[in-house]
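Asker: Position one of the sequence shown corresponds to residue 217 (the working numbering), numbered consecutively onward.
Structure incoming, see below.
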Amino acid sequence: MSLPIDTIGFVGGGQMAEAMIRGILAAGLIAPEKILVAEPTESRRNFLQGQYGVACTMDAAALCSSCQVLVLAIKPQLAAAVLGQYSALVTERHLVISIMAGVTLAALAQLL
């Protein structure tokens with residue numbers, strides 16, 4: 217079974233994003249080459265690419281232009297700083313999913 221979407225983009229490549237990627241791939245929901253992770257830390261990007269075969273970038277514009285689903289997998293205290301880079305890039309064509317604890321939908325709407 218596969219998902220009826222072309223691509224999934226993760227904003228952040230930490231432990232929670234990795235767990236989701238691992239589960240998505242293990243379930244065969246989408247191919248690794250259809251997952252793109254925006255992660256600022258080079259060593260983490262290299263790990264995710266090597267371990268899971270997903271693509272990684274530091275470029276918010278590349279993530280948003282390539283992916284229709286965006287999973288916000290960053291620490292809540294970084295939301296304002298990180299999502300500020302995405303506010304002009306997220307459009308009505310995106311499905312935005314947040315796994316940030318304690319960040320309300322109202323706050324996300326304001327940040328994006």
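Each residue gets a CB set at the ideal place from its N, CA and C atoms; glycine is no exception.
Around the Cβ of L288, are there at least 16 other Cβ atoms within 10 angstroms (buried) or fewer (exposed)?
Answerer: It counts as buried.
Asker: Of all the beta strand (DSSP E) runs that stay within the bounds of the region 270-294, which reach a length of 3 or more residues?
Answerer: Taking only runs of at least 3 residues, the beta strand (DSSP E) segments lying wholly in the region 270-294 are 271-273 and 285-288.
Asker: Identify, in the order they occur along the chain, each residue of the same chain with its Cβ nearer than 8 Å to the Cβ of A296, setting aside the five sequence neighbours on each side.
Answerer: Around A296: L327.
Asker: Can you pull the DSSP bridge partners for I224?
Answerer: Bridge partners of I224: I251 and V285.
Asker: In whole angstroms, give me the CA-to-CA distance for A235 and A322.
Answerer: Distance between the alpha carbons of A235 and A322 is about 26 Å.
Asker: DSSP on V298, reduced to helix/strand/coil?
Answerer: Helix at V298.
Asker: How should K250 be labelled, buried or exposed, when 16 other C-beta atoms within 10 angstroms of its C-beta is the threshold for buried?
Answerer: With 16 or more Cβ atoms within 10 Å of its Cβ, K250 is classed as buried.
Asker: Among residues of its own chain, excluding the 5 on either side of G318, which ones have a beta-carbon nearer than 7 Å to its beta-carbon?
Answerer: So the list reads P292, once near-sequence residues are dropped.
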